[in-house]
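Residue numbers (full-length UniProt numbering): 1 to 238.
Virtual Cβ for every residue (Gly too), placed ideally from N, Cα, C.
Data block below; observations after.
Put into structure tokens, the structure is as follows:
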């Protein structure tokens with residue numbers, strides 16, 4: 001019998017599995033004059049999948065040099081440092097790199113330092129005593145364009161507003177619609193866009209549109225400045 005024709009088995013071409021690109025980590029500049037503090041803070045931040053300390057400085061002047069030398073997204077600065085304080089460095093960094101987010105890290109629960117930090121361009125103020133609890137969330141809030149204020153800081157802002165009222169200072173004229181004021185109040189109280197949408201029975205997109213309109217109307221940049229405006233306007237009740 002003639003042999004049956006042999007067939008060559010067909011091979012299925014192998015496809016290389018596609019890998020999803022990992023999101024870029026937030027590049028952090030950390031400045032503190034105490035090496036042990038820097039080491040502890042770095043352990044906290046580098047332990048997170050989305051955060052990475054890429055530069056360390058021992059004072060404010062060195063922090064500015066490092067920020068000029070390499071790209072960073074966020075600066076975490078100790079308030080009190082030799083040669084140049086964190087507040088001085090924050091003012092200079094805000095001038096040189098307006099898009100850089102800045103957090104102040106301090107052992108001082110001090111209203112004067114807090115207000116100076118806001119004036120210097122910081123978007124958050126974190127106490128070292130609770131850094132292990134608050135710092136990571138403060139970093140993420142900063143990168144979302146939001147502020148991070150611990151409860152004592154909110155109290156200080158409200159007290160400052162009440163002092164201004166007692167001294168007879170004029171309050172800001174009404175520039176926002178009733179709906180915008182509703183949203184602004186909730187934003188200033190720290191609610192997310194999703195929470196606000198659920199509270200007011202509107203879409204998240206509508207909340208974001210109102211927030212963008214408020215920023216444009218008031219000439220403000222971010223959530224922190226909206227919070228400060230809300231307190232000056234009396235939208236947050238003491």
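Identified DSSP bridge partners for residue i
i: residue 148; result: 124
Own chain, CB closer than 7 Å to residue i, minus 5 neighbours either side, in chain order
i: residue 113; result: 79, 106
i: residue 66; result: 29, 55, 57
i: residue 181; result: 235
Distance, residue j Cα to residue i Cα
i: residue 95; j: residue 201; result: 40 Å
i: residue 130; j: residue 103; result: 14 Å
i: residue 223; j: residue 50; result: 21 Å
i: residue 38; j: residue 235; result: 38 Å
i: residue 36; j: residue 137; result: 22 Å
i: residue 60; j: residue 121; result: 15 Å
i: residue 27; j: residue 42; result: 12 Å
i: residue 208; j: residue 193; result: 7 Å
i: residue 146; j: residue 117; result: 15 Å
Chain D contact for residue i (CB, 8 Å cutoff)
i: residue 86; result: In the structure shown, chain D does not exist; there is a single protein chain.
Residues near residue i by beta carbon distance below 8 Å, same chain, minus five either side
i: residue 64; result: 84, 89, 92, 93, 96
i: residue 226; result: 184, 187, 188, 211, 214, 215, 218, 220
i: residue 46; result: 52, 53
i: residue 150; result: 125, 126, 127, 130, 134
i: residue 195; result: 186
i: residue 25; result: 49, 50, 51, 52
Close Cβ partners of residue i (< 6 Å) along its chain, the five nearest in sequence each way excluded
i: residue 32; result: 38, 78
i: residue 108; result: none
Any non-hydrogen atom of the ligand NAP within 7 Å of residue i CB
i: residue 111; result: This structure simply doesn't include the ligand NAP, nor any ligand for that matter.
Exercise. Quick one: complete beta strand (DSSP E) runs, 3+ long, within the UniProt domain "Response regulatory" (27 to 143)?
Worked result: 51 to 57, 74 to 78, 101 to 106, 124 to 127
For this session: With a floor of 4 residues, list each alpha helix (DSSP H) that falls wholly inside the segment 174 to 235, ordered by position along the chain.
Result: 178 to 188, 193 to 200, 204 to 218, 223 to 232
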